[in-house]
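Report on the following structure.
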Amino acid sequence: MNLLVILPILIPLAAGALSLLGRHSQRVQGALAVIGGIALVISAVALLLATWEQGHIVSELGSWPAPFGIVLVSDLLAAIMVLLSAVTSAATAFYSLGSISIAHRKAGYFPLMHLLLAGVNGAFLTGDIFNLYVWFEVMLVASFSLLILGGERAQMEGAIKYVTLNLVSSALFLSAVGLLYGLVGTLNMADIAVKLGEVDSGMTTVIAMLFMVAFGIKAAAFPFFFWLPASYHTPQVAVSALFAGLLTKVGVYALFRVFTLIFGMDDPLIHQVLLWGAGLTMVTGVLGAAAQFEFRRILSFHIVSQIGYMMMGLALASVSVLALAGGIFYIIHHIIVKANLFFVSGLVYRLRGSYELKQLGGLYRDKPWLALLFLIPALSLAGMPPLSGFFGKFIVIRGGVEAGAWALVAAALLVGLLTLYSMTKIWAEVFWKAAPENTACAASGSNTLLYATVAGLALITVAIGLGAQPVLVLSQAAAEQLLDPSLYITAVLGEAP
Amino acid sequence: MTSLMALVVGVLYAAAIYMMLRRSIVKLVIGLVLLSNAANLLIFTAAGLHRDAPPLVPDDAQVPAGLVADPLAQALILTAIVIGFGVLAFAVVLIRRAYEVVEADDMNQMRDTDT
Numbered sequence: 224m225n226l227l228v229i230l231p232i233l234i235p236l237a238a239g240a241l242s243l244l245g246r247h248s249q250r251v252q253g254a255l256a257v258i259g260g261i262a263l264v265i266s267a268v269a270l271l272l273a274t275w276e277q278g279h280i281v282s283e284l285g286s287w288p289a290p291f292g293i294v295l296v297s298d299l300l301a302a303i304m305v306l307l308s309a310v311t312s313a314a315t316a317f318y319s320l321g322s323i324s325i326a327h328r329k330a331g332y333f334p335l336m337h338l339l340l341a342g343v344n345g346a347f348l349t350g351d352i353f354n355l356y357v358w359f360e361v362m363l364v365a366s367f368s369l370l371i372l373g374g375e376r377a378q379m380e381g382a383i384k385y386v387t388l389n390l391v392s393s394a395l396f397l398s399a400v401g402l403l404y405g406l407v408g409t410l411n412m413a414d415i416a417v418k419l420g421e422v423d424s425g426m427t428t429v430i431a432m433l434f435m436v437a438f439g440i441k442a443a444a445f446p447f448f449f450w451l452p453a454s455y456h457t458p459q460v461a462v463s464a465l466f467a468g469l470l471t472k473v474g475v476y477a478l479f480r481v482f483t484l485i486f487g488m489d490d491p492l493i494h495q496v497l498l499w500g501a502g503l504t505m506v507t508g509v510l511g512a513a514a515q516f517e518f519r520r521i522l523s524f525h526i527v528s529q530i531g532y533m534m535m536g537l538a539l540a541s542v543s544v545l546a547l548a549g550g551i552f553y554i555i556h557h558i559i560v561k562a563n564l565f566f567v568s569g570l571v572y573r574l575r576g577s578y579e580l581k582q583l584g585g586l587y588r589d590k591p592w593l594a595l596l597f598l599i600p601a602l603s604l605a606g607m608p609p610l611s612g613f614f615g616k617f618i619v620i621r622g623g624v625e626a627g628a629w630a631l632v633a634a635a636l637l638v639g640l641l642t643l644y645s646m647t648k649i650w651a652e653v654f655w656k657a658a659p660e661n662t663a664c665a666a667s668g669s670n671t672l673l674y675a676t677v678a679g680l681a682l683i684t685v686a687i688g689l690g691a692q693p694v695l696v697l698s699q700a701a702a703e704q705l706l707d708p709s710l711y712i713t714a715v716l717g718e719a720p
Numbered sequence: 151m152t153s154l155m156a157l158v159v160g161v162l163y164a165a166a167i168y169m170m171l172r173r174s175i176v177k178l179v180i181g182l183v184l185l186s187n188a189a190n191l192l193i194f195t196a197a198g199l200h201r202d203a204p205p206l207v208p209d210d211a212q213v214p215a216g217l218v219a220d221p222l223a224q225a226l227i228l229t230a231i232v233i234g235f236g237v238l239a240f241a242v243v244l245i246r247r248a249y250e251v252v253e254a255d256d257m258n259q260m261r262d263t264d265t
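Chains A and B supply the protein sequences, listed in that same order.
Each residue of the first sequence is one higher than the one before, counting from 224 in the numbering used here.
Each residue of the second sequence is one higher than the one before, counting from 151 in the numbering used here.
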């Protein structure tokens, strides 16, 4: 048993349980959200430092030895993801304190938020494929409830699409796990990787494709992304930000894990499917965004297009380590920036009472600081140097050039340009143009906490951009670990395969 | 026996997908129920259908004597059934609330959030 690996799951679970017990007291719930968020960040930093030193940290739950019991494994990628989820959760906790209404808090907002994080962190840390399914479901159930909190018509309509497609994805995932178990007779991911190497069966490709579709739906990859822009703009903005930052990235993480550890990238079919998926995800996402005129919908479509860059890193992993490192760098940059953009859209809504670009305007004149706080993540998303997005795109594209995937490189560059177009559109419509007649006046109440959250995340973006070298070293180390599955297998099973 | 089960699983998947492609949200939920059952039955079949002894270890031994059935597949299915039940309970409440708000049992009436 290693406490460090379990804490990122235990902290939100405990905070959620306590929060449920203290649901009648707003003060207790708020305090628990903040304490839980900060404790999670501390434990995640400790985990990342320890993983950096030791390589892999393995914890056998109930002290059942692998491959019989469930193991929690932290490698660099998992530790990075846990840290990102912790930062997002802390930011969301602060933002929620200033933005979630009493009615929503009474409906159980905070316990659900903690539960969602427990599911997300569990999915990052588990080393057992069935356990991964269970954590996915924990995360999903919490996200379903968060999505419909408030019960407006748009939320119901969005939720039906979200719930259906995610349940289909879960059923496919479960089918794939069942077939895999029938084939190799084990559920431990390291053990599967060893045993699958000894099996020579066409079934392997079938299972790989089932995983690809299941995780592709969760990650909102082309052509499975339709649920995302139909639902992400409907809930409370803090919920949107949390979802945008974390949920699709859990799908991406599962793709990274399964297609580096269990299924090698040497299968040409997997390689081709991922390449095409990456390119088409990027292009359709950004074109979808170009056609939108609602703040949060534009951002939702950009999530889809950015997923393409991460998949591109994975698709080129077998040819270029740098591409995979770029994919990981991109995830680090994207989670922070995307959550922050949603937070900004929430602030704009509080000031003007609308998400429609047509009804907005003049904010640069009224709130120049807010305009600056929007520009930092927006330009970062579009890939302007010296912000974090520039380095993310640069490394992925550099990896693409190394691998000689010219079509994908061209698509990535074009999508970067179109992203800039979308961000300029928001800038011009929301901040630059004159305010339309009869603009609603600012909502009452203090927005200090919200500004502080947005500013904090913007600072992180700038820091990742200015200090890109250490982050790149970290991503490269994580990528090298991923590309050498024997390290993971030895760490879990305790002997050389 | 395995071929029969394979056929049943296939029919369940097909029926589930057919139901989910209907416009009615009630049929959508029925489709989801069938889909989760199809997946459970698939695990059951894929893990192997054997007539073996229950996996009980005698008092004085470390391993069970002779061939025994694999209990893990059944544990997986049990977990999946419980999770599936919880999620479907949520889905049923969701379509009820959606029906109250939208006042139609028709996906075509729910295109406000589409693009």
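We put the CB at the ideal spot given by N, CA and C, even for glycine.
CA-to-CA distance, V242 (chain B) to A330 (chain A), given in whole angstroms: 19 Å
Proximity winner among A:L641, A:V619, A:D489, A:M304, relative to G511 (chain A) (alpha-carbon distances): A:L641
Unbroken alpha helix (DSSP H) run spanning L307 (chain A), endpoints: 299-322
Reference A700 (chain A), options A:A678, A:L271, A:R246, closest by Cα: A:L271
Span of the beta strand (DSSP E), counted from its first residue to its last, around S248 (chain A): First-last for S248 (chain A): undefined, no H or E at that position.
For D351 (chain A), the residue or residues it bridges with in DSSP: A:N411
Chain-order list of residues whose beta-carbon lies under 6 Å from that of L446 (chain A) (same chain, five-residue window excluded): In the sequence on display, residue 446 (chain A) carries Pro and not Leu. Closer than 6 Å at the Cβ level, and outside the excluded window around P446 (chain A), lies no residue.
Proximity below 9 Å, CB of Y455 (chain A) to CB of A437 (chain A): no
Own chain, CB closer than 6 Å to G531 (chain A), minus 5 neighbours either side, in chain order: A501, T504, M505
9 Å Cβ cutoff, L372 (chain A) in contact with chain B: no
Secondary structure of I293 (chain A), DSSP reduced to three states: coil
Per-residue contacts from L185 (chain B) into chain A (C-beta, under 8 Å): L390, V391, A394
Test item: CB-CB of L370 (chain A) and V460 (chain A) under 9 Å: no
C-beta contact flag for V251 (chain B) and E276 (chain A) at 9 Å: no
Contacts that D264 (chain B) makes with chain A (C-beta to C-beta distance below 9 Å): E380, K384, F449, P452, A453
Integer-rounded CB distance, given that I559 (chain A) should sit under 8 Å from T680 (chain A): According to the sequence as given, residue 680 (chain A) is Leu; it is not Thr. That pair is a contact at about 6 Å.
Rounded separation between A626 (chain A) and A546 (chain A) - CA only: 8 Å
Cβ-Cβ separation, T311 (chain A) to L465 (chain A) (assumed contact under 8 Å), whole Å: 6 Å
Segment contact flag, the region 297-312 of chain A with the region 334-349 of chain A, C-beta cutoff 8 Å, min 3 pairs: yes
Of the residues A:V294, A:E283, A:A302, A:L284, the one placed nearest T274 (chain A), counting alpha carbons only: A:A302
Cα-Cα separation between P458 (chain A) and D423 (chain A), rounded to whole angstroms: 47 Å
Burial state of W358 (chain A) (16 or more Cβ within 10 Å): buried
Beta-carbon proximity check, L397 (chain A) vs N190 (chain B), cutoff 9 Å: yes
Short-range partners of chain A found in the region 230-256 of chain B, where Cβ spacing is below 8 Å: A230, I233, G236, V237, F240, A241, L244, I245, R247, A248, V251, V252
Counted within 10 angstroms of its Cβ, other Cβ atoms place A630 (chain A) as buried (16 or more) or exposed: exposed
Spatial distance of A719 (chain A) from T349 (chain A) (CA atoms): Because the pLDDT at A719 (chain A) is just 49, under 50, the model does not fix this residue reliably, and the value given afterwards should be weighed accordingly. So the alpha carbons of these two residues sit roughly 21 Å apart.
The region 521-531 of chain A touching the region 282-294 of chain A, judged by at least three CB pairs closer than 8 Å: no
Whole-angstrom distance between E703 (chain A) and M257 (chain B), CA atom to CA atom: 47 Å
The ligand MN heavy atom lying under 8 Å from the CB of I530 (chain A): Within the structure as shown, the ligand MN is missing, as the structure has no ligands at all.
F552 (chain A) classed as buried or exposed, judged by whether at least 16 other C-beta atoms fall within 10 angstroms: buried
C-alpha distance - A240 (chain A) paired with A256 (chain A), whole-angstrom precision: 12 Å
Environment of Y644 (chain A) [buried if 16+ CB atoms lie within 10 Å]: exposed
M426 (chain A) and L497 (chain A) closer than 9 Å at C-beta: no
One or two residues paired with V252 (chain B) in a DSSP bridge: In the DSSP output, where bridge partners are listed per residue, V252 (chain B) has none listed.
Assigned secondary structure, E375 (chain A) (DSSP; H/G/I helix, E/B strand, else coil): coil
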